[in-house]
Every structure is written in C-alpha cells, then in structure tokens.
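The sequence shown runs 1 to 222 under full-length UniProt numbering.
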Amino acid sequence: MSGEGKVVSVTGASGFIASWLVKLLLQRRYTVKATVRDPNDPKKTQHLLSLDGAQERLHLFKADLLEEGSFDSVVDGCDGVFHTASPVALDAINPQAELIDPALKGTINVLRSCSKVPSVKRVVVTSSLASVLLTGKPLTPEVLIDESWFSDPALCKESKQWYVLSKTLAEEAAWNFSKENGIDMVTINPGWVIGPLLQPTLNLSAEQVLNLINGTLQQNVF
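Pasting the structure below:
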C-alpha cells in the first residue's frame, strides 16, 4: 500500500520501534513528521536522516511530553499518528517524575493535539505487555482474557513495578480520552522488542538479552 501524498506523525522517533516505523513509512512513500527530544543530537537523529527518502519526506520536530500543545504543530495536517514516545526504565529514582508523568501526561497531550485536527483518521498508541501483565488473576481456562484485561495499579504499587504502572495508567487514560473525544484509536502491546538495531544505542529489551548472556540479568525484570 502506497502512502504517496499522505502525512503521518511518529512520536519518540529515535527509539527502536519508532525508528523502524519511520523507515517503513518512508519506504511506502509517506511524508513523516517525527518528534525527538533534541533534533540537534546526532545520536538521536543521524540514523533517521540517513534513511532512504528522509531528505525529501522526513521532518524532525522537538517536542516535550509534559508540555501541553507541544505536539500541535507535529500533528497538524496529518492523516495518522503513531505515538511511541514513553520513558523505559527499571531503576527509576523518582518514578512519578521519570516514568508516570511522562507516560500518562505525554499520552494525553498527544491525544489532545490529535483531537484538534480533523484530518487525523486514526491514532496508534504503542503500549506494552506490561499494561496487561500484572493482574494477580490465575491463568486458568475459565478466566476470560480480552480487551478489558489490564494490570492492577494497586498491585503495581505494592510490588513497586513503576514502569508497569506507568504503561497501565497511560493506556487506561488513552482509552478514556479517545472515547470521550471521538478519536479512532488502537493500541499495541509488544513484549520483548528485539531485532536489528537502526538506532546506535541498545533499547531495554536488547540490553536485557545481553545481560542474560553475560550473567548480569536481574530476576523479576517485570
């Protein structure tokens, strides 16, 4: 399917999933408006700018997850939006500031920007296996697993699984906001994100695989 003449936005474009999204979208002839925290940092942008089609159809923007309206210019004129930007960390010192606020407020800020743009036909939010993992429910045949299956925030707090909590709260808020504002939204919940790297740094999943190989993997990663 060709994206000739269509414009899409990708948030958090320097990450593993987003980098591959940008690559595939450019291959399919989409014009891509992509956000990064610092467009002047070559470690975050050079691999994107070197992609085929980037010179003609890739536009980089600086955006802040915590700043309302920061994504307005990025989303403006887009047919679709891929929201992948969200911090990933297992050792946060201040979970609220480092994980929960950027995930939760950032998702709502992106969706709020989308709600202002009639041309946006669909929003795809990258959630995580984490948001459906920690339920405390037994995985027995009579237990129904469907779109209502989410991690339990109370259990996340009790076990100090702050990343899991951040993704759970962000996805719940995204569904509520999209329904209240008539946004056509879907979420994906990837688990281990591994494969060939486009970005120059290891993502968390690849780092954990490396830790498994060298014997430094911590138990109970999630």
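Each residue gets a CB set at the ideal place from its N, CA and C atoms; glycine is no exception. Please read these numbers as outputs of a predicted model, since none were measured by experiment.
N- and C-terminal bounds of the alpha helix (DSSP H) containing Ala63:
No alpha helix (DSSP H) contains Ala63, which DSSP labels as neither H nor E.
Reduced DSSP secondary structure (H/G/I, E/B, other) of Thr45:
helix
With 16 as the cutoff for other CB atoms within 10 Å, does Asn109 come out buried or exposed?
buried
Where does Thr168 fall in DSSP's three states?
helix
For Ala34, list the residues DSSP reports as bridge partners.
Val10, Leu60
How about Gly80 and Val120: are their beta carbons less than 8 Å apart?
yes
If Ala103 sits next to Ala170, beta carbons under 8 Å apart, how far is it from one beta carbon to the other, in whole angstroms?
4 Å
Cα-Cα separation, Gln161 to Leu99
Those two C-alpha atoms are separated by around 11 Å.
Along the beta strand (DSSP E) that carries Ile188, what are the first and last residues, could you check?
185 to 188
Quick one: is Lys62 buried, meaning 16 or more other Cβ sit within 10 Å of its Cβ, or exposed?
exposed
Could you say if the segment 67 to 78 and the segment 132 to 141 meet the contact criterion of at least three C-beta pairs nearer than 8 Å?
no
In terms of DSSP beta bridges, what is residue 284 paired with?
Absent from the model: residue 284. The displayed extent of the chain is 1 to 222, so no value can be given.
So, is Lys44 buried or exposed, given that buried needs 16 or more other C-beta atoms within 10 angstroms?
Counting C-beta atoms within 10 angstroms of its own C-beta, Lys44 has 16 or more neighbours from the protein chains shown and is therefore classed as buried.
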